[in-house]
Structure formats: C-alpha cells, structure tokens
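Data first, discussion second: the structure below is written as structure tokens.
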Amino acid sequence: MADILLQKLNDPSLLVPSGLVNEEERKDAAGKTFPVIEPSSGKVLTWCADLSKKDLIAALDSAQAGSAKLFESTTAKQRGLILKEFCRLILLNADDWEINYAASFVSWFAEEAPRAYGDVIPSSYSNTEVFTFKKPVGVCGIITPWDFPAAMITRKIAPALAAGCSVVIKPPRETPFSALASCKLAITAGVPPDCIHVIPTTSHEVSSELAINEKVQKLSFTGSTGVGKMLTCLAADTMKRVSMELGGNAPFIVFENADLAKAVAGAMICKFRSSGQTCVCANRILVHRNVKDRFIESLVKEIEALKLVRGVDLETTQGPLVNAAAVKKVESHVQDALSKGGVLHTRGKAPTHLDGFFYEPTVISEVTPAMEVAHDETFGPLAAIFTFDSDEEALQLANSTKYGLAGYFFSENIGRVMSVARKLQCGMVGVNTGLISAAESPFGGVKESGLGREGSKYGLHEYKKHQMCHNWEFANLAKMSNVTFGILEQTLASL
Ligand SMILES: NC(=O)c1ccc[n+]([C@@H]2O[C@H](COP(=O)([O-])OP(=O)(O)OC[C@H]3O[C@@H](n4cnc5c(N)ncnc54)[C@H](O)[C@@H]3O)[C@@H](O)[C@H]2O)c1
Ligand SMILES: O=CCCC(=O)O
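All residue numbers in the sequence shown are consecutive under UniProt numbering, ending with 495.
Listed below in structure tokens is the structure:
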C-alpha cells in the first residue's frame, strides 16, 4: 500500500480488498486478484480479490433468504431509518471518498421508503373492492460503471433496500472499493448482512450470471449501450425486470438569443464535469451561426484556465481519464474530426509532462455529421462544435442519433423553451443549465439510452411489483358466481 492516497485514509478499515458475502470478506479460492489502477499515475493502487461464479452463487443463495425475510420483518419506516443511518455514516467518511452526490440518493430513498402507496379502485362487481399492494421485486442484480464509483451504486441500492429487496452488486473492475466501502457501511447501519453482497470480478461470465440466474428477479445495469442490450437479451430468458441506464450522445444547443455567459458556464460544467466522463456530458455542441464566434472565444478562455493535474490536488479543475483506452478514444475522435475539416481552437493532444491517463481539454469547430464524434460518445474532454442556421436544423441535428439520454439548450425565448423541450428526443432536458443530476429528478433515457428511471419517486417503483387483490367483502363463493353471472346476463341483454 505504497500509494499516498491510501496512507491518507481516515478509516483504513473501509478499504476492503476482497468480496463481501454475508458480511464476510471473501477471497477467491485460488487466490486470484486483479490490480486497481490509479489513473493519474497509471500505477497500481492496490489489488482486489477476483471472485468466481461459485462466490456469486453463494451471494445469490444468501440474498434469496435475505430478501424473503427483509420485507416481512421490517416496516417501510424501519427500512427508512436504516437508510438514514447509512447516509449519516457515508457523510461521516466523506473525506475518504467520492461522496455527497452518492449520499443524496440514500437520504432521498430513506424518505421515500414509507411512501410506496398502492391504489384502491372502484370495482364493477357489487360488494367488491379492488386493491393494489406494492411488494418488493426480490433479489436484485446490480452492475455498475466506474465513472461515479459510489453514486451509481447508491442510486440503485438505496431504492432497492427501501422497497425491501436484497442486492448483489458487481462493481466495475476499475473502481471496486467504493462498492465495498458502501456495503460495509450499510451493514454497520443495520442492513441485514444477507441483504447486501459485493462480488468484484474481472470475468464477464460471472457478471452475466446476474442476468441469467433464476434467483435474480431484477437486473439493474448502468453502463454502455452495447453491454446493456446484451444483458437485456440474457435477462429475457427468465423474464426478469430490467432497468437499463445506458450511453448518451447529448446535444447542447445554443440559440441565437441565448444568454452567452450562461451558455458558456453551462457548457463548462456539462462538457468538462468529471473530465467529460459522464453519460450526460454534452457530446455535440450546436451553436447558431450568428453567435458561434463569440461563444467559442469565451469557451476557449475558460478552458485554457483549467488546471490539469491529479484529482486530489486541491487546485485541480480537470483530472485524468480512466485508462489508456479512454485517452485513445478521445485522440481518435480529435484526429478523425481534424482529418475531415474540423478546426482546432485549443489544445488537442495528450500532455507529455504528466504520467497517467490525461488528455487536454480541447475545442474543435466546423464539426459535421460525417465525423465519428457525431455518432459516438467521446466520454472525454472534447468540445465538438457544430453550426446551425435555424431551429429546424438544430432540432434535426440534435435528434439524429440512436441515443436519447440528456439534451440541453440555451434560449431566453419562453415560447421556444416549451416547444424545443417537447421536441427533443431525450429522457432529460436541461434548459439554460448544464447540470441536471439530482436525487429528486427522474434520471433515465429513451431510444437506445435505456429503460426505467432512477432517483425521484419513480426510482422506488422500479424495485416494487404491483399485486392486485379483489376483495369480496360479504359474498360467499356461490353468491359471487350469481353476482358475476347476473352482470354478464345484463351485459349480454343490453347488446
Ligand atoms: N445512463 C446512465 O445513467 C449512465 C451512467 C454512467 C455511465 N453510463 C454509461 O456507461 C458507459 C461507461 O461505463 P463503462 O465503460 O464502465 O461501461 P461498460 O458497459 O463497459 O461496463 C459497465 C459494467 O458492465 C460490466 N461489463 C462490461 N462488459 C460486460 C460483459 N460483456 N458482460 C457482463 N458485464 C460486463 C463492467 O465490468 C461494468 O461493471 C458509457 O457508455 C456511459 O454513457 C450511463
Ligand atoms: O454518468 C452518468 C451519471 C451522471 C450523473 O448522474 O450525473
């Protein structure tokens, strides 16, 4: 544990280099491990146990027993109180972790837990009422990406536990430790150990088992569209419920009458948050021809002030990318755009003075639909600027993608605000803002960006199933049949 980052931890017991199954730190039987790389140095941070299918099955067996007990033995209010304590513990350890955003989901679903209302529906049969109850779906398989190592997990496990489900988490190999620390804190807060498990693994076969195994009732996946589609097909075989939070290709439109200072500030947060590595990052910036030059000039000024170094340095305003492949992808989008007529305004290369996986924040204009960046999310710090002349052209460009996660636009015209917001084919729209993520807002996509919503009141429903109940208050079976036949006869007679 030579890395300075690990030596600085306030609570080193939260760094768990193994799996967690039923509270036990679990190693691979053959001692298999994988390295976790620190992106700003490119060196090994530390090693983590690489678990097998056998370990996953043990977790699923335990989770099945846990899920059967949890809903029966706790009230929604009690589960909410456990989540409140979980949130308190997360925030107590915030210095050791990527955190406030992650904690906000736990806090939100602690409050939502008791609000899983059913319905009472007037019946068309006499002496009868129809109820619906909300029950937990059962064991949930959770597969997450590396870009928000804690928040992508809490956004799923908080509603799952609030609903009364158990979870088996397969974290990404790049960032397994946030999942493991979360799981430890959840158990300390009172989540029963058989209701939360973490299986770090480099094996896609083990990961895919969460989509295949019949003990899993719901698969909640966040990651790329290709992997999401493949897992959805696997999950269909056992008719699992699925939530799919997938890739995006967000348009960011600056109309002619936009407040340009607001639009530049919005583009900075939207494009360069997390060094361009979020699914809701602007991928295509569309700017009206009449304001393009002024917009680019201000954007370049802001970008050139960014300080590119290791994330833990307090002065850092732009960190590294996750790995060498991510740098290569940005490089390829930049080179492709430049080779097809794109104009470079600033930077445009990987820095040579830094170790690790950095790429300089870059601006290219004169981008066209013929370029790779038009169709593929860069997931890195490239601001790719298209030019348009009319609202129709802007909308046509914005919607010409198979993705539909986030979209943004800047305009001071209220009429245009309503009409463009409706016409953008996205699950989420930011109007005059580049930051739309929050625990209370329903997060999710349309088209090939996925299925389902996370966060908000809708996030809880993803982990609940309706059970409908017809309640014959007074009737015995014979009377019921008469009533039913009576209604049928009347109906037939009236035809
Ligand atoms: N919509 C959202 O909320 C959201 C949020 C964050 C990231 N994302 C998307 O995630 C992607 C970046 O994350 P990533 O590179 O980790 O995505 P990824 O799809 O490569 O991996 C996501 C998870 O799936 C696992 N996985 C990968 N290949 C697999 C396979 N063949 N079988 C089983 N499991 C497999 C990974 O180990 C990881 O845990 C981007 O496309 C981004 O847009 C979407
Ligand atoms: O990367 C995707 C998630 C981003 C967010 O929640 O803001």
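Think of the CB as a built atom: it goes at the ideal place given N, C-alpha and C, for glycine as much as any other residue.
All values derive from a computational prediction rather than experimental measurement.
Residues in its own chain within less than 8 Å of Val-191 by CB, not counting five upstream and five downstream? Ile-82, Phe-86 and Leu-161
Residue burial classification, Phe-474 (beta-carbon count within 10 angstroms, cutoff 16): Interpretation of Phe-474 is limited by its pLDDT of 41, a score under 50 that renders its predicted location unreliable; no figure is taken from the coordinates.
Between the stretch 128-143 and the stretch 463-473, can you find at least three pairs of beta-carbon atoms closer than 8 Å? The stretch 463-473, when compared against the stretch 128-143, does touch it at the 8 Å Cβ threshold.
Boundaries (first-last residue) of the alpha helix (DSSP H) holding Thr-188: 176-189
Between Pro-192 and ligand 1, is there a pair consisting of the residue's CB and a ligand heavy atom that are separated by less than 6 Å? no
If I'm right that Lys-402 touches Ala-370 with Cβ under 8 Å, what's the distance once you round it to whole angstroms? Going by Cβ atoms, the distance from Lys-402 to Ala-370 rounds to 17 Å, so no, they are not a contact pair.
Give the C-beta separation of Pro-35 and Phe-357 to the nearest angstrom, bearing in mind that I take them to be a contact with Cβ-Cβ under 8 Å. With a Cβ gap of about 15 Å, Pro-35 and Phe-357 do not count as contacting.
Contact between the stretch 116-131 and the stretch 149-160: three or more CB pairs below 8 Å? no
With DSSP as the reference, label Arg-347 as helix, strand or coil. coil
Taking the alpha-carbon of Arg-289 as reference, which of Thr-387, Ile-212 and Leu-308 has the nearest alpha-carbon? Thr-387
Whole-angstrom Cβ separation of Ala-337 and Ala-384, contact assumed at under 8 Å? 7 Å
Using 6 Å as the cut-off, classify the Cβ of Cys-279 as near or not near the heavy atoms of ligand 2, replying yes or no. Because some heavy atom of ligand 2 lies under 6 Å away, the Cβ of Cys-279 counts as near it: yes.
Can you pull the DSSP bridge partners for Met-428? Ala-406
Is Val-227 close to ligand 1? I mean its beta-carbon at under 6 Å from any heavy atom of the ligand. Distances between the C-beta of Val-227 and the heavy atoms of ligand 1 include at least one below 6 Å.
Could you give the DSSP three-state label for Ala-258: helix, strand or coil? coil
CA nearest to the CA of Gly-380, picked from Gly-348, Asn-93 and Ala-406: Gly-348
DSSP state of Gly-119 mapped onto helix, strand, coil: Here residue 119 turns out to be Asp, not Gly, going by the sequence shown. In the structure shown, Asp-119 sits in a strand (DSSP, three-state: E or B).
Distance check for Ala-163 and Ser-224, CA to CA, integer angstroms please. Taking the CA atoms as reference points, Ser-224 sits about 26 Å from Ala-163.
Beta-carbon proximity list for Val-343, same chain, < 6 Å, skipping 5 on both sides: Ser-365 and Glu-366
Taking the alpha helix (DSSP H) that Pro-159 falls in, what are its first and last residues? 151-163
Exposed or buried, what is Pro-122 when buried is set at 16 or more other beta-carbons lying within 10 Å of its beta-carbon? The residue is exposed, with fewer than 16 neighbouring Cβ atoms inside 10 Å.
Out of Ala-59, Arg-173 and Tyr-101, state which residue places its alpha-carbon closest to the alpha-carbon of Thr-33. Out of Ala-59, Arg-173 and Tyr-101, Arg-173 has the C-alpha closest to the C-alpha of Thr-33.
Per DSSP, cross-strand counterpart(s) of His-470: Val-130
Under 7 Å, do Ala-59 and Val-168 count as touching if we go by C-beta distance? yes
Assigned exposure category for Arg-24 - 16 Cβ within 10 Å defines buried: According to the sequence provided, residue 24 is Glu. The question's Arg does not apply to it. With fewer than 16 other Cβ atoms within 10 Å, it is exposed.
Indicate, with yes or no, if ligand 2 has a heavy atom lying under 6 Å from the CB of Ser-437. Relative to ligand 2, the beta carbon of Ser-437 is positioned inside 6 Å of a heavy atom.
Trp-146 CB to nearest heavy atom of ligand 1 below 6 Å: yes
In chain order, each alpha helix (DSSP H) run of at least 4 residues that lies wholly inside the stretch 313-340: Those alpha helix (DSSP H) runs which fall completely within the stretch 313-340 and span 4+ residues are 324-339.
So is the beta-carbon of Ile-143 under 6 Å away from any non-hydrogen atom of ligand 1? yes
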